[in-house]
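J.: The numbering used here puts the sequence shown at residues 22 to 633.
Note that beta-carbon positions come from the ideal geometry of N, C-alpha and C, so glycine has one too.
Bear in mind the structure is a predicted one, so any value in this text is a computation, not a measurement.
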Amino acid sequence: MAEYRTHPLTAQLAAQIATHELFRELDTPTRAALIAELDLIELPARSQLFAEGAPGDALYIVASGRLRVVQGQRILREVGRGEYVGEFALITGEPRSATVYAVRDSNLVRLSQALFERVLQRYPRAMMQIAGVIVQRARTHLPPIMPGAASAFVLLPASRRPPPDTFAQQLTTALGVFGPTLYLSSARINALYGRDGVSQLPDDDAENSALVGWLGDQETRYHQIVYDTDPEWSAWTRRALRQADRLLLVAYAEDDPNPNMLERAANATGVGARTELILLYPSGISQANGTRAWLAARHVHTYHHVRLGHSGDMARLARRLTGRALGVVLSGGGARGSAHIGALHALEEAGLHADFIGGTSIGALIGALYATGRGYEALTQLASALSSGRRLLDYTLPFTAFNTTRKLTAVYRALFGETQIEDLWQRFFCVSSNLTRAEPVIHEDGLLWAAVRASTAIPVIFAPVQHANGDVLVDGGILNNFPIDIMRTRYEAGTVIGIDVAPPTDKVRDYRFGPSVSGWQQLWNRINPLARPARAPSLLENLTRTIEVNSAYRVRSASFRQFADLLIQMPDRPFGRLAFDIYPEMIEMGYREAQRQIETWQQHHHHAEDEQ
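#1: Counting pairs of Cβ atoms below 8 Å between the stretch 178-192 and the stretch 218-232, do you hit three or more?
#2: Check whether the Cβ atoms of residue 131 and residue 238 sit closer than 8 Å, and answer yes or no.
#3: Are the Cβ atoms of residue 221 and residue 255 separated by less than 8 Å?
#4: Could you compute how far the alpha carbon of residue 134 sits from the alpha carbon of residue 79?
#5: On the DSSP bridge assignment, give the partners of residue 297 in chain order.
#6: Counting C-beta neighbours from all protein chains within 10 Å, is the total for residue 117 16 or more, i.e. buried, or is it exposed?
#7: Of all the alpha helix (DSSP H) runs that stay within the bounds of the stretch 71-155, which reach a length of 4 or more residues?
#8: Should the stretch 447-457 be regarded as contacting the stretch 358-369, the criterion being three or more beta carbon pairs within less than 8 Å?
#9: Below 8 Å between beta carbons: does that hold for residue 347 and residue 375?
#10: Given a cut-off of 8 Å on the beta-carbon distance, is the pair residue 123 and residue 64 in contact?
#11: Rounding to the nearest angstrom, what Cα-Cα distance links residue 104 and residue 208 in this structure?
#12: For residue 427, which of 416, 587, 41 and 576 has the nearest alpha-carbon?
#13: List the residues that DSSP assigns as beta-bridge partners of residue 349.
#14: Below 8 Å, can you find three or more Cβ-Cβ pairs linking the stretch 458-476 to the stretch 435-448?
#15: Assuming residue 204 is part of the beta strand (DSSP E), what are its boundary residues?
#16: Suppose you measure from the CA of residue 138 to the CA of residue 144; what does that come to, to the nearest Å?
#17: From the DSSP output, read off the bridge partner residues of residue 248.
#18: What number of angstroms, rounded off, separates the C-alpha of residue 614 from the C-alpha of residue 367?
#19: Would you say the stretch 494-511 touches the stretch 574-589, given that touching needs at least three Cβ pairs under 8 Å?
#20: Quick check: the stretch 66-85 against the stretch 106-114, are there 3 or more CB pairs under 8 Å?
#21: Taking all protein chains shown into account, do 16 or more other C-beta atoms lie within 10 angstroms of the C-beta of residue 242, making it buried, or fewer, making it exposed?
#22: Mind checking residue 335: buried by the 16 CB within 10 Å criterion, or exposed?
#23: Taking residue 301 and residue 273 to be in contact with their CB atoms under 8 Å, please state how far apart those CB atoms are, rounded to whole angstroms.
#24: Just tell me which of 278, 338 and 443 has its CA closest to the CA of residue 314.
#25: Bridge partners for residue 581 per DSSP, in chain order?
#26: How is residue 455 classed by DSSP in three states: helix, strand or coil?
#27: Report yes or no: is there a C-beta of chain C within less than 8 Å of the C-beta of residue 229?
#28: Give the DSSP bridge partners of residue 461, in chain order.
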């Protein structure tokens, strides 16, 4: 049984609960009668609300704080402000199907089954409305795989030097773009609460309950709160940790990556909030570095890179923290991949800047170049430089592949050097296919050039890559030529835009051939102008199209298309898949098509917002 304090609802909270989706359709007398009997409970951080198998006796609405729903050892979801748990107990009375506990200090509004049944007898029609909302929600909203948007962020210094005072203020400002945001430090809370030293109250102080209530009230007034801990262990630091939806470890990347005393003390308290790492860099630095050592020294859910004073980095951090990040996915498609360059340019012109970028095959190459900071001009120049086969192809006896692939490897190493994927300013991933284990490989750390090399290893054309564990890796298009599903399910992108350059149908040539095809006959047909007009697809055309078919088939599926909020597709025109010299036409096509489709999407999106 959960241990918690029970209080009546405050007038402010009662007014807010009256607008909740469960109650807002009720008539005013019924709503007032019900809300007057609801309880407000204080559930301390890490306390269990109810256990799996326990009797279902109440529904709980989160007024402030955060709950975690677990089944066995598996986390099902997290429940934030305004969401509710235990709803089916009101209808079925069945035992709890999962365990729920508080990630942080939480205030919950409790609607007991006894109250529900009592009011049901007096207002049966109204209670059926509430039951209808619950059932409709269950039908249309599956529990999210990823945690929902957070509202309380706690900053904890994780290196020998605390972050500059301006960092917390800049983060507060960046978060403020998405709604009212409050900054709270020990000094700030003393001033706002109106009592010196209140931030350092011990947990057993008589005024502690009033302070907890005050903090809960702030969460009803603001969309986000930034809690800035003290640079040393203190009562305020401990209290702030108990308010965390997200614990943000903030450190200078150049400092010692091992956990400092403050971080170790925080870990000893058993903080339940999800932990993320923010690495700070000087404003003029061109490349992040040292990320791997920081990640190896601790377990974090994700990480962020921020150059001090860089507004773009801070805006990206705010988007990611609030679930509003943009993920862009680039498909494979051979020479048509140059269209990605034009499409990315159109996205930027529309104010759509990728926070996550991923891709397969040529999409992996363009995405990696983009993630290293290459803009439109630089990408266009590289497309020109790589348009000649002599730069990339080094034919050999085709025992393993037509090419030794030394040239291609040298080009990638020259382009990316020793850059690690985790040191990119943007989060990046690419996909290769593991022939040994018959499964896709998601490359999101390690040497960038090696990941791109594996993702673009077109079978037979280029030599495969041997993984450190001995597995054989080839082009990611074999298993996932357009990984919008990975972007949606693995990364917390609020919006996913997919750019598909692979043709949905094969119109490269007008083929004419019978049930058997002689290579000698095909050669003779090509060199003899008087030969009969018979032509079959070449070995290379067969290979590249075989890879594309997987993507074309999946994109036709409505369920797969739903992974992307916007799916930009190139027109079905007869461009050769290995004709890299057509890059100017491809770039222009990508730009024009993306520009047109983005404009249509934005108009529809804005129209939908206006109707709401």
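T.: Let's see:
#1: no
#2: Looking up residue 131 in the sequence shown gives position 110. Looking up residue 238 in the sequence shown gives position 217. Contact: no.
#3: Taking the first residue of the sequence shown as 1, we reach residue 221 at position 200. Taking the first residue of the sequence shown as 1, we reach residue 255 at position 234. Yes; because the gap between Cβ atoms is below 8 Å, this pair is in contact.
#4: Position 113 of the sequence shown, counting from 1, holds the residue named residue 134. Position 58 of the sequence shown, counting from 1, holds the residue named residue 79. Each residue's alpha carbon lies about 5 Å from the other.
#5: Position 276 of the sequence shown, counted from the first residue, corresponds to residue 297. BP columns for residue 297 point to 269 and 323.
#6: To locate residue 117, count along the sequence shown from 1; it is residue 96. Looking at its Cβ environment, which holds 16 or more other Cβ atoms inside 10 Å, residue 117 is buried.
#7: 109-112 and 134-143
#8: no
#9: On the sequence shown, position 326 is the one that residue 347 refers to. On the sequence shown, position 354 is the one that residue 375 refers to. Yes, these two residues count as a Cβ contact at 8 Å.
#10: If you number the sequence shown from 1, residue 123 lands on position 102. If you number the sequence shown from 1, residue 64 lands on position 43. Annotated as proximal: residue 123 and residue 64, with beta-carbon spacing under 8 Å.
#11: Taking the sequence shown and counting its residues from 1, the one referred to as residue 104 is at position 83. Taking the sequence shown and counting its residues from 1, the one referred to as residue 208 is at position 187. Taking the straight line from one Cα to the other gives about 32 Å.
#12: By one-based count along the sequence shown, residue 427 stands at place 406. Closest by alpha carbon: 416.
#13: Translated into the one-based positions of the sequence shown, residue 349 becomes position 328. Per DSSP, 378 and 518.
#14: yes
#15: By one-based count along the sequence shown, residue 204 stands at place 183. Counting along the chain, the beta strand (DSSP E) containing residue 204 begins and ends at 202-205.
#16: Reading the sequence shown from its first residue, position 117 is the one you call residue 138. Reading the sequence shown from its first residue, position 123 is the one you call residue 144. Straight-line Cα distance between these residues: approximately 10 Å.
#17: Here the question's residue 248 lines up with position 227 in the sequence shown. DSSP lists 175 and 205 as partners of residue 248.
#18: In the sequence shown, residue 614 corresponds to position 593, counting from 1. In the sequence shown, residue 367 corresponds to position 346, counting from 1. Their backbone Cα atoms lie some 9 Å apart in a straight line.
#19: The answer is yes - the stretch 574-589 touches the stretch 494-511, with three or more Cβ pairs under 8 Å.
#20: yes
#21: To locate residue 242, count along the sequence shown from 1; it is residue 221. Residue 242 comes out exposed.
#22: As a working note, residue 335 is residue 314 in the sequence shown. By the neighbour-count rule (16 or more Cβ atoms within 10 Å), residue 335 is buried.
#23: Taking the sequence shown and counting its residues from 1, one reaches residue 301 at position 280. Taking the sequence shown and counting its residues from 1, one reaches residue 273 at position 252. Yes, residue 301 and residue 273 are in contact; Cβ-Cβ is about 5 Å, under 8 Å.
#24: Reading the sequence shown from its first residue, position 293 is the one you call residue 314. Nearest of 278, 338 and 443 to residue 314, Cα basis: 278.
#25: Taking the first residue of the sequence shown as 1, we reach residue 581 at position 560. Residue 581 is not bridged to any residue.
#26: Taking the sequence shown and counting its residues from 1, one reaches residue 455 at position 434. Looking at residue 455 - three-state DSSP - the assignment turns out to be strand.
#27: Among the chains of the structure shown, chain C does not appear; only one protein chain is present.
#28: As a position in the sequence shown, residue 461 is number 440, starting the count at 1. Paired residues: 454.
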